[in-house]
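Novice:
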Amino acid sequence: MKLRDLTKETKKLEVTYKTSSGDFVINLEYRPQAVTVAFLDEINDLLPIDRLTYQMEKLVVSWDLQDDNDKIIPITQKALAEHEVPIYLLNTIIEAITADRLLFTAEAKKD
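For the sequence shown, my numbering gives the first residue as 1, with consecutive numbering after it.
#1: Just verifying my parser: in three-state terms, what is the DSSP assignment at leucine 40?
#2: Name, in chain order, the residues that DSSP records as bridge partners for isoleucine 97.
#3: Could you name the residues that DSSP lists as bridge partners for asparagine 27?
#4: Thinking just about the alpha-carbon of each residue, which of Ile72, Asn91 and Leu102 is nearest to the one in threonine 16?
#5: Mapping the DSSP letters down to three states, classify threonine 76 as helix, strand or coil.
#6: Hey, how far is the Cα of valine 25 from the Cα of glutamate 14?
#7: Whose C-beta lies closer than 8 Å to the C-beta of aspartate 50 among residues of the same chain, with five residues either side of it excluded?
#8: What are the start and end residues of the alpha helix (DSSP H) that includes aspartate 50?
See the structure below:
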């Protein structure tokens, strides 16, 4: 296997974002092997908000979050800011990816 193939691997995940008005489900696909030494080096030099959007750009390949015109919102720092995507939603997505990755790793160790 080539390293390039490993880092391009993707996994689907359903994330539930809970608010006072209800639960919102976001379906996404992420790259579980995207966190590398270079990724960590780059993220350490960023401001907290930039860290969050950087993680979204690098980890999330696609999602079904749409704007008011039923168009998928691109996963870029610019688009996330322009569409005023809530920070807590982005945090919830990163936390869900982390939890999913930890669960996946724990299950792999059992085998």
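All residues carry an ideal CB built from backbone N, CA and C; glycine is no exception.
Specialist: Taking the coordinates as given:
#1: helix
#2: Paired residues: none, contrary to the question.
#3: Glu14
#4: Asn91
#5: coil
#6: 7 Å
#7: Gln77
#8: 48–59
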